[in-house]
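**Q** The structure follows.
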Amino acid sequence: MLSCREAQVFSLIALGMNDSTISSFLGVSIKTIYSHRRNIMLKLKTKNRTNLWKIINTIK
414 MLSCREAQVF
424 SLIALGMNDS
434 TISSFLGVSI
444 KTIYSHRRNI
454 MLKLKTKNRT
464 NLWKIINTIK
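Laid out in structure tokens, this is it:
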């Protein structure tokens, strides 16, 4: 299960925001976003961003 912040980052990724835009929007460092994205990918058992997008498109 995603944490609240991971779910928020996931939603922003799904909206098409890139990492730097997400970090500015949430007021956190880019490295924090990388960490959240890595955790999201681990929890969703995906190995790359392409597969993450496939999951996002399945949910939409």
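Numbering follows the working numbering, in which position 55 of the sequence shown is assigned residue number 468; successive positions increment by one, without gaps. The C-beta atom is built at its ideal place from N, Cα and C for all residues, glycine as well.
1. What residue range does the alpha helix (DSSP H) around L425 cover?
2. Go ahead and pull the three-state DSSP assignment for M454.
3. Do the CB positions of T459 and I446 come within less than 8 Å of each other?
4. Please classify L425 as buried or exposed, where buried requires at least 16 neighbouring CB atoms within 10 angstroms.
5. Buried or exposed: where does I435 fall if 16 or more other Cβ atoms within 10 Å of its Cβ makes it buried?
**A** Reading off the structure:
1. It spans 417-427 - the alpha helix (DSSP H) in which L425 sits, taken as one unbroken run.
2. In the structure shown, M454 sits in a helix (DSSP, three-state: H, G or I).
3. No, the Cβ-Cβ distance between T459 and I446 is not below 8 Å.
4. With 16 or more Cβ atoms within 10 Å of its Cβ, L425 is classed as buried.
5. Buried: at least 16 other Cβ atoms inside 10 Å.
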